[in-house]
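To start, the structure itself, in structure tokens.
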Amino acid sequence: MLEAVDRTTDLPEFRERLLRALQTWFGFVGVAVLHGDTLPDAVREGCGVQGGYRPEFLADYAARWADQDPFRSEPVCRMILERGVIRLSDIAAGTPFVAEFLRPNGITDKAATVVDAAPSGVLYVGVAVGDRPRISDREVAVLYALRRHLAPLVTGRLDRDRERRAIGERWQLTPREREVADLAAQGLTNRQIADRLFIGVDTVKKHLSRALSATSCTSRTQLAVLLAA
1 MLEAVDRTTD
11 LPEFRERLLR
21 ALQTWFGFVG
31 VAVLHGDTLP
41 DAVREGCGVQ
51 GGYRPEFLAD
61 YAARWADQDP
71 FRSEPVCRMI
81 LERGVIRLSD
91 IAAGTPFVAE
101 FLRPNGITDK
111 AATVVDAAPS
121 GVLYVGVAVG
131 DRPRISDREV
141 AVLYALRRHL
151 APLVTGRLDR
161 DRERRAIGER
171 WQLTPREREV
181 ADLAAQGLTN
191 RQIADRLFIG
201 VDTVKKHLSR
211 ALSATSCTSR
221 TQLAVLLAA
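If you want it as structure tokens, here you go:
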């Protein structure tokens, strides 16, 4: 797991490789890697990547179930920070969110952990299973170990991301617009950016157009020069 992420150069690449490693090595059906200044920011703003979830599932979640997700609540955020790892089956096994949303979509249990790199920010990792009744004690132990070993790597990447965010704030870009602008400036195509961030190509085009307009750039080349400066 650590070998998969320790040589990444930026936060988007770090998130993507961590997500794919969790899917590959542990077979989680869904993974979310999110970040923010605080844990509530990370889980509510959703800045990061998600993998393994169908677009219809994510759309239904956003439209009907997001407010009922226990992992987005203040009390559970505090529990995650205090305990390190929380299983959904331990705190909300019989709720409508589980019985009427997760289980009909093939998800039997979820778990969440957080790497608290304050003052640099936090990294939230959520995983889901569907082929067993609950996330095992072994998997919980792995998440505990992972958060400890990832802490120095996360701190460095969040610090660099904070520097880039300061640039974005100069032009009043949203975090996602800033990410798209940064990747475009690195030479990635719209399709490559979409794949990196797990968003649609049309969404990439919209964010890039906004970034070009806000920075008064007329091309990706100008944008790259400006961000480098």
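Going by the UniProt record's numbering, the residue at position 39 of the sequence shown is 39; the numbering climbs one at a time, nothing skipped.
For every residue, glycine included, the Cβ atom is placed at its ideal position computed from N, Cα and C.
Since we're looking at a predicted model, the values are computed, not measured.
Residues of its chain near residue i, where Cβ-Cβ distance is below 8 Å and the 5 sequence neighbours each way are ignored
{"i": "cysteine 77", "result": "Leu39, Pro40, Val43, Phe71"}
{"i": "arginine 162", "result": "Ser120, Gly121"}
Whole-angstrom distance between residue j and residue i, CA atom to CA atom
{"i": "isoleucine 135", "j": "arginine 148", "result": "19 Å"}
{"i": "glycine 84", "j": "alanine 211", "result": "37 Å"}
{"i": "isoleucine 199", "j": "phenylalanine 97", "result": "25 Å"}
{"i": "alanine 118", "j": "glycine 30", "result": "27 Å"}
{"i": "valine 33", "j": "alanine 93", "result": "23 Å"}
{"i": "tryptophan 65", "j": "glutamate 56", "result": "13 Å"}
{"i": "valine 5", "j": "leucine 158", "result": "14 Å"}
{"i": "leucine 102", "j": "alanine 194", "result": "26 Å"}
{"i": "alanine 99", "j": "valine 49", "result": "25 Å"}
{"i": "threonine 203", "j": "arginine 196", "result": "13 Å"}
{"i": "threonine 24", "j": "arginine 54", "result": "18 Å"}
{"i": "threonine 221", "j": "leucine 188", "result": "12 Å"}
{"i": "tyrosine 61", "j": "tyrosine 124", "result": "18 Å"}
{"i": "asparagine 190", "j": "lysine 206", "result": "11 Å"}
{"i": "arginine 170", "j": "serine 73", "result": "31 Å"}
{"i": "valine 140", "j": "alanine 229", "result": "44 Å"}
{"i": "leucine 2", "j": "serine 213", "result": "39 Å"}
Under 8 Å between C-beta atoms of residue i and residue j
{"i": "leucine 22", "j": "phenylalanine 14", "result": "no"}
{"i": "glycine 46", "j": "leucine 19", "result": "no"}
{"i": "threonine 155", "j": "serine 120", "result": "yes"}
{"i": "glycine 130", "j": "glycine 106", "result": "yes"}
{"i": "leucine 146", "j": "alanine 185", "result": "no"}
{"i": "leucine 226", "j": "threonine 218", "result": "no"}
{"i": "threonine 108", "j": "proline 75", "result": "no"}
{"i": "leucine 173", "j": "alanine 166", "result": "no"}
{"i": "arginine 160", "j": "leucine 11", "result": "yes"}
{"i": "valine 142", "j": "histidine 35", "result": "no"}
{"i": "arginine 164", "j": "arginine 178", "result": "yes"}
{"i": "arginine 17", "j": "threonine 8", "result": "yes"}
Assigned secondary structure, residue i (DSSP; H/G/I helix, E/B strand, else coil)
{"i": "valine 129", "result": "strand"}
{"i": "alanine 32", "result": "strand"}
{"i": "tyrosine 53", "result": "coil"}
{"i": "leucine 18", "result": "helix"}
{"i": "glycine 187", "result": "coil"}
{"i": "glycine 156", "result": "helix"}
{"i": "leucine 208", "result": "helix"}
{"i": "leucine 123", "result": "strand"}
{"i": "serine 73", "result": "coil"}
{"i": "aspartate 202", "result": "helix"}
{"i": "tyrosine 171", "result": "Correcting the residue identity first, residue 171 is tryptophan in this sequence and not tyrosine. Looking at tryptophan 171 - three-state DSSP - the assignment turns out to be coil, as it is neither helix nor strand."}
{"i": "residue 291", "result": "Residue 291 cannot be examined here, being either before or after the span of the chain that is shown, 1 to 229."}
Residue i - partner residues in DSSP beta bridges
{"i": "isoleucine 86", "result": "Ala112"}
{"i": "glycine 48", "result": "Leu34"}
Contacts around residue i, its chain only, beta-carbon distance under 6 Å, and the 5 residues preceding and following it disregarded
{"i": "isoleucine 80", "result": "Ile86, Ala112, Val114"}
{"i": "residue 231", "result": "A query on residue 231 cannot be resolved here, the shown segment of the chain reaching from 1 to 229 and no further."}
{"i": "serine 89", "result": "Asp109, Arg134"}
Residues near residue i by beta carbon distance below 7 Å, same chain, minus five either side
{"i": "aspartate 116", "result": "Leu81, Val122"}
{"i": "aspartate 69", "result": "Phe97"}
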